[in-house]
Each structure stands twice: as structure tokens, then as C-alpha cells.
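Position in the sequence shown (from 1) plus 683 gives the number in our numbering. The beta-carbon is built from N, C-alpha and C at its ideal position, and this holds for glycine as well. Predicted model only: the values in this text are computed from it and were never measured.
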Amino acid sequence: MNTENATQVTLSSVFQPVFGAMAGLAKNLGHGSASGGEVNHLESLLEGLPLSSDDFGIACNRLRNARRYLESNERGAARWELNALANQLRNQATAKTREPRRRLRS
Numbered sequence: 684m685n686t687e688n689a690t691q692v693t694l695s696s697v698f699q700p701v702f703g704a705m706a707g708l709a710k711n712l713g714h715g716s717a718s719g720g721e722v723n724h725l726e727s728l729l730e731g732l733p734l735s736s737d738d739f740g741i742a743c744n745r746l747r748n749a750r751r752y753l754e755s756n757e758r759g760a761a762r763w764e765l766n767a768l769a770n771q772l773r774n775q776a777t778a779k780t781r782e783p784r785r786r787l788r789s
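1. Quick check on Gly794: does DSSP put it in helix, strand or coil?
2. Is it right to say Val701 is buried, meaning 16 or more other beta carbons lie within 10 angstroms of its own, or is it exposed?
3. In three-state DSSP terms, what is Asn756?
4. Using a 10 Å radius around the Cβ and a threshold of 16 neighbouring Cβ atoms, would you call Glu730 buried or exposed?
5. Nearest to Gly720 by alpha carbon, out of Ala767, Ala769, Glu754, Asn744?
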């Protein structure tokens, strides 16, 4: 019988690569060296997150806005969009999952 240690995956650990990529992008924004490749990488990481359709759509819009601001050399606006995205994802990563409320039939 093969017994392996079970690895417990937490919701916050699933989000960690995204937060790391966002921190790197924010740092490069501050230095003026952020690139579209970093935004593309962040976009591919977002696709792997367990988000609802609504939350994923909002996240994609924020990232798209950040990309446009970055292309227009509006670093402050791009940073704002990335901060808003980080806050949204942080809320999702720390959310308590619960059973949906069951409807009682009368």
C-alpha cells in the first residue's frame, strides 16, 4: 500500500502566484519598467483562479484597463487599477466558503 503525505491546498495558496506577479508588476510600474508581457502573464494566472463568472469578468476588466493605462504611459492610473484588482482578489482569497441557504418548502 502506497501512503503519501496528503498536501492540503488552501484557497489563499491558490492565489499566491497571482499576488506575486502583481507585486512584481507594481514594483516595475514604480520604476517605469513594466511591460505588456507581465500583464499577459498575470492574465494567464487569472484564468486559473476559482472565480465566479462575475468576479472573473471584473478582474479581466481591471487588468484590461491597467494594460491600456500602461500603454498610454499613465502609470498612476494603471497602479490604481492593479490595487483595485489586488483588493478584489484578496477578498476572494480570504472569503469563507459556506453552504448556500436552503429554501424551506412550506
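The structure says:
1. The structure shown has nothing for residue 794, since the chain only spans 684 to 789.
2. buried
3. coil
4. exposed
5. Glu754
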